[in-house]
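> Take 1134 as the starting number for the sequence shown in the working numbering and just add one per residue.
One structure, pasted below without further comment.
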Amino acid sequence: MLRTEWADRATRVLRYLRSAHTFAQLIRFTLVGGTSNIAYVVLFMAMSGAGPLVANIAGSIVSTVIANELHRQLTFQAAGRVGWFTAQWEGGGLALIGLLISTAALAALEFSAPALGASAQAVAVLAIMAAVGGVRFLALRDFVF
1134 MLRTEWADRA
1144 TRVLRYLRSA
1154 HTFAQLIRFT
1164 LVGGTSNIAY
1174 VVLFMAMSGA
1184 GPLVANIAGS
1194 IVSTVIANEL
1204 HRQLTFQAAG
1214 RVGWFTAQWE
1224 GGGLALIGLL
1234 ISTAALAALE
1244 FSAPALGASA
1254 QAVAVLAIMA
1264 AVGGVRFLAL
1274 RDFVF
């Protein structure tokens, strides 16, 4: 009896995670972000012989393309509504805007609090990235997909 209860509960959780509910989409968005970050790190390491700048650019482009496609197909289940090129163009544009905003915020932090310790900087970076990610989620959800 206990097995069927767990199986039923797992089935309900999986059904919810596959749904169009905003929180389920946010969970999928986070998982896709983690996956694309892993792809970035793997590619960065593989390309490190070409130098960190080349490796960073290649990793950023490839991981962004992967994330945009996974968001189109999995996060927002929009493959039937939004084409590949549109997802790449608009999602890539949002990623670039997010990069500019986070870079500006980090530069402002460095300017306004140059003596900030490493732990406080790490917390600030996480907060900035979480805010940019949240805005990107909403923009992708409401305007792209």
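Cβ coordinates follow ideal geometry from the N, Cα and C atoms, glycine included.
(1) Pick helix, strand or coil for Val1215, following the three-state DSSP scheme.
(2) Can Gly1192 and Leu1176 be called in contact, C-beta distance under 7 Å?
(3) Which parts of the stretch 1167-1253 are runs of the beta strand (DSSP E), unbroken and 3 residues or longer, counting only runs that do not cross its ends?
(4) In terms of alpha-carbon separation, which member of Ala1264, Ala1183, Leu1239 lies closest to Ala1253?
(5) Candidates Asn1189, Tyr1149, Val1198: which alpha carbon is nearest Thr1168's?
Result, derived from the coordinates:
(1) Of the three classes helix, strand and coil, the one that applies to Val1215 here is coil, per DSSP.
(2) Yes. Within cutoff.
(3) none
(4) Cα-wise, what sits closest to Ala1253 is Leu1239.
(5) Val1198
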